[in-house]
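Enquirer: The structure that follows is given in the form of structure tokens.
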Amino acid sequence: MPGAALSDAGTDVKVIDIRVAVPGAPVGEAAWEIAATVHVDEARSARSPVLVLLPGGGYGRRYFDLPDLGYSQADHHARRGAIVVALDHLGAGDSTSPAPDVTTLPTVAAANHAAVTAVLDRLRDGTLAPGAVPRVEVSAVVGAGQSMGGHIAAAMQAQHRTFDAIALMGSSVIDTTIPRRQPAASSLLPGQPAADALADLDWPWAFHWVEELTPLTAADIEAGIPVKTTALPWSSRTVPSLAVALLEPGAIAAEVATIDVPVLLAAGERDVVRPLLTEAAAFTSARDLAVFRLRRMAHMHNFAPTRHLLWERLDAFIAQAVSLASRAKTLPTLMAAGPR
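Counting with my numbering, you get residues 1 to 340 for the letters of the sequence shown.
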């Protein structure tokens, strides 16, 4: 792929930065591009699942590859056999940033879908990084999004059927609700502007497990929560305009009601979601639905001391998706053979 940059993440994992041209740019404007990073373990099987990771608002794809030892979710999954593709959304990170009125949920979902489709095609035909990544037989494609990224993953699935399974991590499909550190008496008073209520929130406490503060977490807090005022390798200076619309209750209710692939809903014990069983009720078409809530974790999961438990649960979800995809392919053959 033109523009692919290859580096070593360790003894086995290759990290490949790419840019993918996607349709949608208005006539006369430069083509839109989606920035992506692919993590591939050289020791993986030729038949491998692909995990697509989608970041939340204010963060870029390197949120999934944080620099401190033991903080890279992408490396974790790659070393367990998945090919990991982390994307910057249209309007965020290193991807093209069109005018704010352009980056609506349907437009961003379509651009992401086009990018994922292009990456999968190149993995299958061996042209992602010639000589570095041989042809891949893709066993399943799993989408996993954190916060806003989970909403976008749901829209991609509802509108384009991009994935064989999806995981929404810290993404409310009912009503995004910021947890409050203060007692209920500090809640929004009648007539109090919503902006004032948001200003009263303890954002670092809501976003991070500050009870066990690390230097990496402290750096993220110092850079600004929820809006980044200082650039970090894992942050994004821009946020798609869809982020505002997603704050409305039930903003993607219609989309999630159509999703019929396996769904994993995950959240920290302190997160921006409603009770997970309440959230799960919105997925009325899902044929397989699981919830997973973790202790000692706030909204920004990959900074939490229990992050590895979330990653391991996602490993199991990927394995389940592979198994179900394999059964779906063999079932027609078994039915054609008739009863034994």
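Each residue gets a CB set at the ideal place from its N, CA and C atoms; glycine is no exception.
This one's a predicted model, so the numbers in the text were calculated from it and none came from an experiment.
Leaving out five residues on either side along the sequence, give the residues of the same chain with a beta carbon under 7 Å from the beta carbon of A231.
Expert: Your numbering for residue 231 matches position 231 in the sequence shown. The residues are R237.
Enquirer: What do you reckon, are the CB atoms on W203 and P240 nearer than 8 Å?
Expert: The residue given as residue 203 occupies position 203 in the sequence shown. The residue given as residue 240 occupies position 240 in the sequence shown. No, Cβ-Cβ distance for W203 and P240 is not below 8 Å.
Enquirer: Pairs of beta-carbons, one from the segment 37-55 and one from the segment 143-150, closer than 8 Å: are there three or more?
Expert: Judged by Cβ distances under 8 Å, the segment 37-55 makes contact with the segment 143-150, as three or more pairs qualify.
Enquirer: If you scan the segment 246-295 from start to end, which runs of the beta strand (DSSP E) of 3 or more residues do you find wholly inside it?
Expert: 263-268, 289-294
Enquirer: Measure from the alpha carbon of E248 to the alpha carbon of each residue in I34, F163, I178, A82, then state which is nearest.
Expert: To locate residue 248, count along the sequence shown from 1; it is residue 248. Closest option to E248, Cα to Cα, is I178.
Enquirer: My output table needs one value for K228: the three-state DSSP class, helix, strand or coil.
Expert: Locating residue 228 in the sequence shown gives position 228, counting from the first residue. Three-state result, K228: coil.
Enquirer: Helix, strand or coil for H151? Go by DSSP, reduced to three states.
Expert: Position 151 of the sequence shown, counted from the first residue, corresponds to residue 151. DSSP places H151 in helix when its eight states are reduced to three.
Enquirer: What are the residues that DSSP puts in a beta bridge with A86?
Expert: The residue labelled residue 86 in the question sits at position 86 within the sequence shown. BP columns for A86 point to T37, L53.
Enquirer: Would a C-beta distance cut-off of 8 Å place A298 and G250 closer than the cut-off?
Expert: Taking the first residue of the sequence shown as 1, we reach residue 298 at position 298. Taking the first residue of the sequence shown as 1, we reach residue 250 at position 250. Contact flag unset, no.
Enquirer: Look up W205 in the DSSP assignment and say whether it is helix, strand or coil.
Expert: Counting from 1 along the sequence shown, the entry for residue 205 is found at position 205. The answer is helix: DSSP assigns W205 an H, G or I state.
Enquirer: Answer yes or no: do P262 and A165 have a C-beta to C-beta separation smaller than 8 Å?
Expert: For this step, residue 262 is matched to residue 262 along the sequence shown. For this step, residue 165 is matched to residue 165 along the sequence shown. The Cβ atoms of P262 and A165 sit closer than 8 Å to each other.
Enquirer: Can you grab the Cα-Cα spacing for the pair D271 / G170, in whole Å?
Expert: Counting from 1 along the sequence shown, the entry for residue 271 is found at position 271. Counting from 1 along the sequence shown, the entry for residue 170 is found at position 170. Computed Cα separation, rounded: 6 Å.
Enquirer: Under 6 Å Cβ to Cβ from R141, same chain only, skipping five residues before and after it: list those, please.
Expert: If you number the sequence shown from 1, residue 141 lands on position 141. For clarity, residue 141 is Val in the given sequence; the question names Arg instead. V50, F163, D164, listed in sequence order.
Enquirer: From which residue to which residue does the alpha helix (DSSP H) around D200 run?
Expert: The count along the sequence shown starts at 1 and reaches residue 200 at position 200. From DSSP, D200 is part of no alpha helix (DSSP H); its letter is neither H nor E.
Enquirer: Starting from the C-beta of S48, find all residues in its chain whose C-beta is less than 8 Å away, skip the five residues before and the five after it, and write them out in chain order.
Expert: Counting from one through the sequence shown, the residue named residue 48 turns up at place 48. So the qualifying residues of the chain are G81, A82, I83, V136, E137, V138, S139.
Enquirer: Label A195 either buried or exposed according to how many other C-beta atoms from any shown protein chain fall within 10 Å of its C-beta, with 16 as the threshold for buried.
Expert: Taking the first residue of the sequence shown as 1, we reach residue 195 at position 195. Bear in mind that the predicted position of A195 carries a pLDDT of just 47, short of 50, making it unreliable; the figure below should be weighed with that in mind. By the neighbour-count rule (16 or more Cβ atoms within 10 Å), A195 is not buried but exposed.
Enquirer: How many Å lie between F385 and A25 at the Cα?
Expert: Examination of residue 385 is not possible in this model, given that the chain is present from 1 through 340 alone.
Enquirer: Please return the same chain residues whose Cβ sits closer than 6 Å to the Cβ of P38, not counting the five positions on each side in sequence.
Expert: Locating residue 38 in the sequence shown gives position 38, where the first residue counts as 1. Note that residue 38 is Val in the sequence shown, not Pro. Around V38: I16, V85.
Enquirer: Less than 8 Å separating the beta-carbons of E212 and P305?
Expert: On the sequence shown, position 212 is the one that residue 212 refers to. On the sequence shown, position 305 is the one that residue 305 refers to. Their beta carbons are under 8 Å apart, which means E212 touches P305 by this criterion.
Enquirer: When you compare only the Cα positions, how much space is there between V416 and D125?
Expert: Any property of residue 416 remains undetermined from this structure, which presents the chain solely from 1 to 340.
Enquirer: DSSP three-state label for S326, please.
Expert: Walking along the sequence shown from the start, residue 326 turns up at place 326. In the structure shown, S326 adopts helical secondary structure according to DSSP, grouped into three states.
Enquirer: Considering only the beta carbon of each residue, do A111 and W32 sit closer than 8 Å?
Expert: Translated into the one-based positions of the sequence shown, residue 111 becomes position 111. Translated into the one-based positions of the sequence shown, residue 32 becomes position 32. Going by C-beta atoms, A111 is nearer than 8 Å to W32.
Enquirer: Under the three-state reduction of DSSP, which class applies to A21: helix, strand or coil?
Expert: Translated into positions along the sequence shown, residue 21 becomes position 21. If DSSP states are grouped into helix, strand and coil, A21 belongs with the strands.
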